[in-house]
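With the working numbering, letter number 17 in the sequence shown gets 8, and the count goes up by one each step, no holes.
We put the CB at the ideal spot given by N, CA and C, even for glycine.
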Amino acid sequence: MLGQMMDMPLLISSLIVHADRYHGDTEIVSRRAEGDIHRYTYHDAHQRARRLANALHGLGVQRGERVATLAWNGYRHMELYYAVSGGGAIMHTLNPRLPADQMSYIINHAEDRVLFFDLSFLPLVEVIASLCPAIKCWVLMSDRAHLPATTKIPGLLSYEDLIDSHSDDYDWPALDEKMASSLCYTSGTTGNPKGVLYSHRSTLLHTFAGCLPDGLNCAASDVILPVVPMFHVNAWGLPYMACMVGAKLVFPGPGLDGKSLHDLFETEKVTMSAGVPTVWLGLLAYVETNKLKFSSMRRTVIGGSACPPAMINIFQRKYNVHVVHAWGMTEMSPLGTVASFKPKHADWTEEQREALQGRQGRPLYGVDMKIVDDEGKTLPWDGKAFGNLLVKGHATLASYFKNDGGDPLQDGWFPTGDVANIDADGFMRMTDRSKDVIKSGGEWIGSIDLENIAMAHPAVAMAACIAAFHPKWDERPLLVVAKKPGAELTREQMLAFYEGKTAKWWIPDDVVFVDAIPLGATGKMLKTRLREQFKDHKLPTA
-8 MLGQMMDMPL
2 LISSLIVHAD
12 RYHGDTEIVS
22 RRAEGDIHRY
32 TYHDAHQRAR
42 RLANALHGLG
52 VQRGERVATL
62 AWNGYRHMEL
72 YYAVSGGGAI
82 MHTLNPRLPA
92 DQMSYIINHA
102 EDRVLFFDLS
112 FLPLVEVIAS
122 LCPAIKCWVL
132 MSDRAHLPAT
142 TKIPGLLSYE
152 DLIDSHSDDY
162 DWPALDEKMA
172 SSLCYTSGTT
182 GNPKGVLYSH
192 RSTLLHTFAG
202 CLPDGLNCAA
212 SDVILPVVPM
222 FHVNAWGLPY
232 MACMVGAKLV
242 FPGPGLDGKS
252 LHDLFETEKV
262 TMSAGVPTVW
272 LGLLAYVETN
282 KLKFSSMRRT
292 VIGGSACPPA
302 MINIFQRKYN
312 VHVVHAWGMT
322 EMSPLGTVAS
332 FKPKHADWTE
342 EQREALQGRQ
352 GRPLYGVDMK
362 IVDDEGKTLP
372 WDGKAFGNLL
382 VKGHATLASY
392 FKNDGGDPLQ
402 DGWFPTGDVA
412 NIDADGFMRM
422 TDRSKDVIKS
432 GGEWIGSIDL
442 ENIAMAHPAV
452 AMAACIAAFH
462 PKWDERPLLV
472 VAKKPGAELT
482 REQMLAFYEG
492 KTAKWWIPDD
502 VVFVDAIPLG
512 ATGKMLKTRL
522 REQFKDHKLP
532 TA
């Protein structure tokens, strides 16, 4: 016997309809690529999204075709989120930090038909335009006044002209909720990136889970500023979550420096933000240098790579900003775990609670996980045994776009490529990427723990730990450090800092200092580049 309830498909368009109907006067504020601040409401956004849906139809975009964007976080980008997916096409966000050859590969592999881009990326688009013959139409996300007088881009259109030339008389189609809605490519450092194709259903289920109190805890009373880019796994789902709950949205545009972010936090009374650790390093440095505070921000989600305990400490103890440590992957939409407390933790000391926050957290509803050894045997959840992390869930990848790489699953589980342990309460702690684990004398050393210790030193701006060749132990840890401007730090002082903080045999064998740690397109440290740079480094213990 079937239940006798209404059968309403889970569709992305329902989010903007809900936001308009019940939170229509709530603001969306954007710093534009043109340099000014733009303000309007959810009602305005829905109206313009419907105009844009008509415009896409007028450009000949068919259901299932891919529409690409090269854009910062802003209101026009959000309109595209809803107009493209809501109309039945597939929203494909491109990472502008990728090299031109990789970007053109992705565009051609995705078979994008239309590409929308911000004014900041005009020079980049002029480089790649001739390399992407399948693109039928290029649209500058600005008004006619900003169209270049001459350009190498054929038939370049103005976004505002496109919007203005179409009516908002549009009914969102009743799509199958399993239809593809958006496409994001992985940021892998080896081989070509692979596409992850989300559905309307997976996106809505991810949005529900993300809004939960033990998730990102979003509410109508929030003012949310996503620092994480909308081209990085759909800004971790925040543009969808904000519509679901009716929260005010603040988009920072291209201004991701400490001053620009802090100014927006203060003027717009931001209560919540989200981003990768490297962005927060810049913000905290600006706030520290100028002796500033946060008057309204009360929590920030930190993910993308492990959050150093020192960062949790300074955010919470000095600035009263609660850190929500999270972990996920492009293949998981991306949220997997969130470090939210249970009742038993209420009586813990501040040090104990911060140590728990150093873990990546426990799974949201709809995510399951386990750790296994190299033979596939399931390992215990005792907080000590660590092995390969596998996941499954409602919003987790089953296969890559165009079936690239064949079947990625192991007995129905997705292998994340991470090495982790899990405690009895289900809190996961990622100790390393499997490719970054240091194997010393047959034992594993987790580089993340060693990096976190280094990051707690007041002279260290950023640190990476990589494996260096050792004739006896095969590999030993080599610490690569970028110092804060003007700071003094020697190799001996850095190594002495590890005493009593980790097992003696885990302490790095050597330290090298660099001007900066290389970062990838999503703000993660490029250890592949460091391993290549220091492949011939001779350890003093060798």
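Bridge pairing for Cys298: absent [DSSP]. Ile119 and Gln343 have their C-alpha atoms some 51 Å from each other.
Within the DSSP secondary-structure output, Lys430 pairs in a beta bridge with Trp435. The three-state secondary structure of Gln351, taken from DSSP, is coil.
According to DSSP, residue pairing for Phe107 in a beta bridge involves Thr60, Val130.
Here Ala125 is exposed. Its C-beta has fewer than 16 other C-beta atoms within 10 Å. In the DSSP assignment, Leu195 falls within the alpha helix (DSSP H) that extends over 191 to 202.
Burial check for Gln351: the Cβ neighbour count within 10 Å reaches 16 or more, so the residue is buried. The three-state secondary structure of Asn86, taken from DSSP, is coil. In this structure, the alpha-carbon of Ala455 lies about 19 Å from that of Trp318.
Inter-residue distance for Ala447 and Leu370 is about 31 Å (C-alpha atoms, whole angstroms).
For the 7 Å CB-CB criterion, Ile362 and Leu380 form a contact.
Annotated as distal: Ala171 and Ile97, with beta-carbon spacing of 7 Å or more. In the three-state reduction of the DSSP assignment, Lys335 falls in the helix class. Ala36 carries a helical assignment under DSSP once its states are collapsed to helix, strand and coil. If you look at Lys383, you'll find it isn't in any alpha helix (DSSP H); it sits in the beta strand (DSSP E) that goes 377 to 384. Per DSSP, Leu388 lies in no alpha helix (DSSP H) and is assigned neither H nor E. Secondary structure remark: continuous beta strand (DSSP E) runs of at least 3 residues inside the region 458 to 509, in chain order: 465 to 474, 501 to 505.
Exclusion of the five residues before and after Arg192 leaves Leu1, Glu168, Lys169 as the residues of its chain whose Cβ lies within less than 6 Å of its Cβ. In this structure, Val105 sits away from Cys123, with a CB-CB distance that is not shorter than 7 Å. Rounded to the nearest whole angstrom, the C-alpha separation of Asn225 and Thr84 is 8 Å.
Given a length threshold of 3 residues, each whole run of the beta strand (DSSP E) inside the region 201 to 256 is given here in chain order: 214 to 217, 239 to 242.
Ser331 counts as buried, since no fewer than 16 other beta carbons sit within 10 angstroms of its beta carbon. With a beta-carbon spacing of about 5 Å, Arg42 and Ile154 fall inside the 8 Å limit used to define contacts. The criterion of a C-beta distance shorter than 7 Å is satisfied by Met132 and Arg67. It is roughly 39 Å from the alpha-carbon of Ala62 to the alpha-carbon of Ala459.
Annotated three-state conformation of Lys361 is strand, per DSSP. The continuous beta strand (DSSP E) containing Glu18 extends over residues 18 to 22. Going by DSSP, Pro268 is part of the alpha helix (DSSP H) stretching over 268 to 280.
Look at Gly511 here: in three-state DSSP terms it is coil, with no helix or strand label. For the pair Arg520 and Pro509, the CB atoms are nearer than the 7 Å cut-off. Relative to the Cα of Pro449, the nearest Cα in the group Arg467, Val472, Ile436 belongs to Val472.
Counting C-beta atoms within 10 angstroms of its own C-beta, Lys282 has fewer than 16 neighbours from the protein chains shown and is therefore classed as exposed. For the pair Tyr391 and Phe112, the Cα-to-Cα distance works out to about 28 Å. Secondary structure at Ala125: coil, using DSSP grouped into helix, strand and coil. Per the C-alpha coordinates, the member of Val451, Glu466, Lys393 positioned closest to Ala101 is Lys393.
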